[in-house]
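In terms of this note's numbering, the sequence shown opens at residue 12 and continues consecutively.
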Amino acid sequence: MNAILDELPRVEPGEWFGYLHAHTYGTKDGYNYQQIYEAGAPFEALIDHPSWIEHIKYFVGGEGTFDYHHGPLFIDECFANFREPGEAIGLHSGGHPPINRNQFRYHGGRFMCGQVNVLMALTDIGDGDGATMVIPGSHKSNFAHPHAAEHRMKPEGATVEGIEGAVEVHLQAGDAVVFVDGISHGSARRANPGERRIIVHRYGPSWGNFRHGYAPSPELLERLTPERRQIVQPQPLLPREPQRKQDG
12 MNAILDELPR VEPGEWFGYL HAHTYGTKDG YNYQQIYEAG APFEALIDHP SWIEHIKYFV
72 GGEGTFDYHH GPLFIDECFA NFREPGEAIG LHSGGHPPIN RNQFRYHGGR FMCGQVNVLM
132 ALTDIGDGDG ATMVIPGSHK SNFAHPHAAE HRMKPEGATV EGIEGAVEVH LQAGDAVVFV
192 DGISHGSARR ANPGERRIIV HRYGPSWGNF RHGYAPSPEL LERLTPERRQ IVQPQPLLPR
252 EPQRKQDG
């Protein structure tokens, strides 16, 4: 995967390279290539990778309900992130204020989480590498962390370092961490030379929609397995042309 990413040009945010969209979140958080499952077969394999897909189904929940009407899951965002020295992403999410899209819920003996993330490391991420940081238990909080405003995402950049209760998640290249998006999270600022690389997939119920208005390419849909195609585009699109038109 890194070899493929090495070959991708760093076009300006907002520009497209093929079906990949260069993007940032508007802060000093690094560089993203959105729709990364368009980058080739190794990335397509991550859509329903056996290391995590059953865990994702378990935590998103919904089997036997309308949530499964179009299939078990939907990916509303997937991207590769490249982060260099001095870059980080500030605190975001958490149990307060409550958000339906990324909520944590456990009811009737099963999980019903609105969005569950898989973050996979493509480089070793330890001390000084800009590790992902989380505040354990914050997905159940009913009020904001007292340091949230100081450390939240902002145009000039921010970091989760220094927040009481926050911990770094250190990973080896190839490791993946699964977490509900409702947990307060962000990252430490990268201090070491080099580049931190991760891939993130955000899964939710099949009736969801793309966060940024993307759509899978016809070429991708053509070559995916039926199982992967259902996760990438669960809902069959209706014809755009009306069957009947007004006379005159």
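For glycine and all other residues, C-beta sits at the position ideal for the given N, C-alpha and C.
Return the CA-CA distance between residue i and residue j, expressed in angstroms with no decimal places.
i, j, result
"residue 82", "residue 202", "42 Å"
"residue 247", "residue 32", "24 Å"
"residue 64", "residue 51", "19 Å"
"residue 54", "residue 107", "34 Å"
"residue 38", "residue 217", "30 Å"
"residue 205", "residue 27", "25 Å"
"residue 226", "residue 143", "28 Å"
"residue 13", "residue 252", "42 Å"
"residue 156", "residue 164", "14 Å"
"residue 174", "residue 158", "6 Å"
"residue 154", "residue 66", "28 Å"
"residue 215", "residue 56", "18 Å"
"residue 160", "residue 237", "44 Å"
"residue 73", "residue 116", "11 Å"
"residue 5", "residue 97", "An answer regarding residue 5 cannot be provided, because it is not within the stretch 12 to 259 covered by the chain."
"residue 135", "residue 22", "25 Å"
"residue 112", "residue 15", "32 Å"
"residue 182", "residue 168", "23 Å"
If you check the beta carbons only, do residue i and residue j fall under 8 Å apart?
i, j, result
"residue 101", "residue 35", "no"
"residue 213", "residue 114", "no"
"residue 207", "residue 140", "yes"
"residue 210", "residue 84", "no"
"residue 194", "residue 150", "yes"
"residue 243", "residue 249", "no"
"residue 188", "residue 130", "yes"
"residue 240", "residue 99", "no"
"residue 146", "residue 176", "yes"
"residue 124", "residue 191", "yes"
"residue 58", "residue 86", "yes"
"residue 45", "residue 77", "no"
"residue 79", "residue 122", "no"
"residue 30", "residue 228", "yes"
Which residues does DSSP list as the beta-bridge partners of residue i?
i, result
"residue 198", "143"
"residue 118", "121"
"residue 27", "32"
"residue 45", "32, 90"
"residue 129", "189, 212"
"residue 136", "182"
"residue 150", "According to DSSP, which records beta bridges pairwise, residue 150 is partnered with nothing at all."
Which whole-angstrom value describes the C-beta separation of residue i and residue j, a residue pair presumed to lie in contact below a C-beta threshold of 8 Å?
i, j, result
"residue 42", "residue 93", "5 Å"
"residue 223", "residue 88", "7 Å"
If we define contact as Cβ-Cβ less than 8 Å, is residue i a contact residue for chain C?
i, result
"residue 155", "Going by chain labels, chain C is absent from the structure shown, which holds only one protein chain."
What are the uninterrupted segments assigned as alpha helix (DSSP H) that are 4 or more residues long and contained completely in the region 158-235, given in chain order?
-> The qualifying runs are 159-162, 229-234.
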